[in-house]
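For the sequence shown, the tail end lands on 473 under our numbering, and the numbers increase by one without skipping. Even for Gly, the Cβ is constructed at its ideal location relative to N, Cα and C. Since we're looking at a predicted model, the values are computed, not measured. One structure is given here, and the rest of the page talks about it.
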Amino acid sequence: MFDRSRKGEHALLIQPFSGGPLQEDVLEEFSDLARSAGATIATTLTARIDRPSPSTLIGSGKLEEVKAAADATGADLILVNHMLSPVQERNLERQLERRVIDRTGLILDIFAQRARSHEGKLQVELAQLRHLATRLVRGWTHLERQRGGSIGLRGPGETQLETDRRLLQKRVEQLQKRLDKVEVQRTQMRRARVRSELPRVALVGYTNAGKSTLFNTLSGAEAYAADQLFATLDPTVRRIAIPGGHVVLADTVGFVRDLPHELVAAFRSTLSEAREADLLLHVVDASDPLREERIAQVDEVLQAVGAGDIPQLLVFNKIDRIDGAEPRHDAQDGIPDESRRERVWISARDGRGLDLLEQVLGRRLGLQRVRGSLRLPSSAGRLRSRLHRLDVVQGEQADEDGWLLQVDLPLMEAQRLAGEADGVPLRALLPVQEPDY
């Protein structure tokens, strides 16, 4: 084995690719990931791999080139934009005499730096331990085999490697139990929001598309926002006012291409804000030339976490980076083509188009106001109490037949109450006002 550097911030990047030319955006994104983790990039090497080596992924000739480049640049860390098996990672470290981290390990490191909430930290540690479980052997190669049968060579009943694995598994079980408790608490909070009968909206999108900036602009919150990948990790939830009523808005972690499966699994509870939303605001960097590809990649992750069937509104952000671009609304026009989804073009940074977004959001959520007189029989006391709790009763007169209420409430709430009103024809009694959109 070798003496690993404790710094590991001067990195040499390896970009494997197979068939056809190398996609420059893939390498650029990996460089951004490295910088987001705090690494300085010494140099970048590409490696064409038509037949991956089971032992080192890259061939012996490329391995020598990497070793020479690392020596020449003083790189103490090798980052590989590919998933490495434990054997490949161990062999690369042995031959390059430097720490080697694959794409999954790099993203895990970024997540560990960005986690702020108790739940986020637990999820990161759990994902890290599960990733580490298959790589314990590299630290204990001299103890990985029990010895016995010869005098003087009989070893302990349990090797150090087995001890570490047992302790790691115990820690994983403890973290899972703690996460289960946190998930119960989060579920109770979500149920409370559901009982408040406010529509739920979740911001999703490719990392660095501007979700947190849009969230802060709409809600007046101060969620961390920066021009870097995975700036936001922990979900943030706020109640905001839009034309027609209020909604609950949630900011979620950004997605990235080839998001490791263990990360998707580990952050499944965090992404529940997206899974249980009434509408997804899919934020897209309008200035990104690969925006349609990014949309497809986000849709793939949403499908993986169980949010693929939730209605979406595409929000093309950062139009301030496009010469001559102005806020606009591209309606779907009833065409059932997925590529023609409804789109709103805005700039969250300078606030252009936000009023248009709020109007479209209100229409999509059915927040048009309905006003009128509502006659409730004396048997509808429960519905009357709910209307008062919602603070939508403008006036009330009682008589021997029940109550005559003057109400003003969002259409969506009126329709929901109509389905739960024990036969009271709520919708028929409330004249709908056409929205001014």
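DSSP three-state assignment for R181, whether helix, strand or coil: Because the pLDDT at R181 is just 47, under 50, the model does not fix this residue reliably, and the value given afterwards should be weighed accordingly. Looking at R181 - three-state DSSP - the assignment turns out to be coil, as it is neither helix nor strand.
For the region 122-131 and the region 145-152, state whether three or more C-beta atom pairs, one from each stretch, are separated by less than 8 Å. no
Do A277 and the ligand MN come close, with the Cβ less than 7 Å from some heavy atom? The model depicted lacks the ligand MN and carries no ligand whatsoever.
Whole-angstrom distance between Q51 and E60, CA atom to CA atom: 10 Å
When burial is assigned at 16 or more other CB atoms within 10 Å of the CB, is H154 buried or exposed? exposed
Cβ distance (whole Å) where H25 is taken to contact R139 below 8 Å: This structure does not reach residue 25, given that the chain is present from 37 up to 473, and the question cannot be answered.
Please return the same chain residues whose Cβ sits closer than 7 Å to the Cβ of G95, not counting the five positions on each side in sequence. S89
If you follow the alpha helix (DSSP H) that P122 is in, where does it begin and where does it stop? 122-132
Below 8 Å, can you find three or more Cβ-Cβ pairs linking the region 347-365 to the region 379-386? yes
Entirely within the region 319-357 and at least 4 residues each: give me those alpha helix (DSSP H) ranges in chain order. 327-340
For the candidate residues S415, P446, D437, whose alpha-carbon lies nearest to that of V428? P446
Status (buried if at least 16 other CB within 10 Å, exposed otherwise) for R420: buried
Cβ-based burial, L254 [other Cβ within 10 Å; buried from 16]: buried
What separation, rounded to the nearest whole angstrom, lies between the Cα atoms of L165 and L113? 21 Å
I believe I137 touches L115 by the beta-carbon criterion, under 8 Å. Please report the beta-carbon distance rounded to the nearest angstrom. 6 Å
Thinking C-alpha only, which one of S323, Q333, S414 is nearest A361? S323
Work out the CA separation of I85 and G56 for me, nearest whole Å. 11 Å
DSSP three-state label for I143, please. helix
Identity of the residues DSSP links to T79 by a beta bridge: L48
Per DSSP, the bridge partner or partners of T435: In the sequence as displayed, the identity of residue 435 is Asp instead of Thr. Per DSSP, G438.
Could you check where the alpha helix (DSSP H) with L423 kicks off and where it finishes? 417-425
For the candidate residues G438, V406, R275, Q433, whose alpha-carbon lies nearest to that of A416? G438
Output yes if chain B places a C-beta closer than 8 Å to the C-beta of D86; else output no. Of the protein chains in this structure there is only one, and it is not chain B.
Using only CA atoms, which one of L338, L49, A313 lies nearest to R71? L49
Alpha-carbon spacing of F53 relative to L69, whole angstroms: 18 Å
Is it buried or exposed for P347, if we count other Cβ within 10 angstroms and need 16 for buried? exposed
Let's see if you can read the secondary structure: which residues bound the alpha helix (DSSP H) around V160? 154-169
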